[in-house]
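Reading through the structure tokens given below for one structure.
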Ligand SMILES: [Fe+2]
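Residue numbers (the working numbering): 7 to 180.
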């Protein structure tokens, strides 16, 4: 493991060990990611180039006790995730390009999603959130490849990914 990644993992390990609530943990981890945001050099040139078919994820670290995972996501322009939420807290930092995030609220009575906000995150931006209320979709809205580091509060290899559910529902304007 390179030095940049090792320093980030050590810092995250220190705050995850506090066993705070998901919300507090997300904030503590976000502080550490802000302080130790790696450069795109944590990926190989081939990984940094992205994939013309879809956005790609690369697992950089899984904590041996399963308490967190560090993953890099690489998006070519216009590549987008499904609308989804997560099984646990998630912190992400953009290290190249611009990611555009849309948030949604689930309206169970009407069986639809309602737009709940948008935000653009340029390189250097770090954000964290915790369920519930974390239904979102992320796309690369810029014209260069975007790369972000995501830290999830689980072992992503054990459960396949940190996605709880994908939502294929109509979306209404707020
Ligand atoms: Fe997500």
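Just so it is clear, CB atoms sit at the ideal spot from N, CA and C, and this is done for glycine as well.
Assumed close pair residue i, residue j - CB separation to whole angstroms, cut-off 8 Å
i	j	result
residue 120	residue 175	That belief does not hold up - the Cβ atoms of residue 120 and residue 175 are roughly 10 Å apart, past 8 Å.
residue 182	residue 144	The question about residue 182 has no answer, for the chain in this structure spans 7 to 180.
residue 114	residue 142	That belief does not hold up - the Cβ atoms of residue 114 and residue 142 are roughly 18 Å apart, past 8 Å.
residue 63	residue 161	14 Å between Cβ atoms; not a contact.
residue 51	residue 106	Not really, about 25 Å apart at Cβ, beyond 8 Å.
residue 163	residue 65	7 Å
residue 156	residue 77	5 Å
residue 91	residue 57	So it is not a contact: roughly 24 Å between Cβ atoms.
Residue nearest to residue i in terms of C-alpha spacing, selected from the options
i	options	result
residue 134	21, 146, 113, 99	99
residue 42	14, 63, 150, 125	14
residue 138	101, 170, 79, 24	170
residue 72	18, 124, 148, 123	18
residue 70	16, 129, 132	16
residue 83	55, 91, 124, 92	55
residue 59	40, 48, 53, 85	85
residue 7	24, 40, 49	49
Beta-carbon proximity check, residue i vs residue j, cutoff 7 Å
i	j	result
residue 38	residue 22	no
residue 29	residue 136	yes
residue 89	residue 173	yes
residue 151	residue 117	no
residue 11	residue 44	yes
residue 153	residue 101	yes
residue 129	residue 110	no
residue 32	residue 97	yes
Restricting to runs no shorter than 4 residues, where is the alpha helix (DSSP H) found entirely within the stretch 99 to 180? List check, alpha helix (DSSP H) in window: 162 to 165.
Extract the residue ranges of the alpha helix (DSSP H) inside the stretch 10 to 85, only unbroken runs of 4 or more that lie entirely within it. Taken in chain order, the complete alpha helix (DSSP H) segments of 4 residues or longer contained in the stretch 10 to 85 are 28 to 41, 51 to 54.
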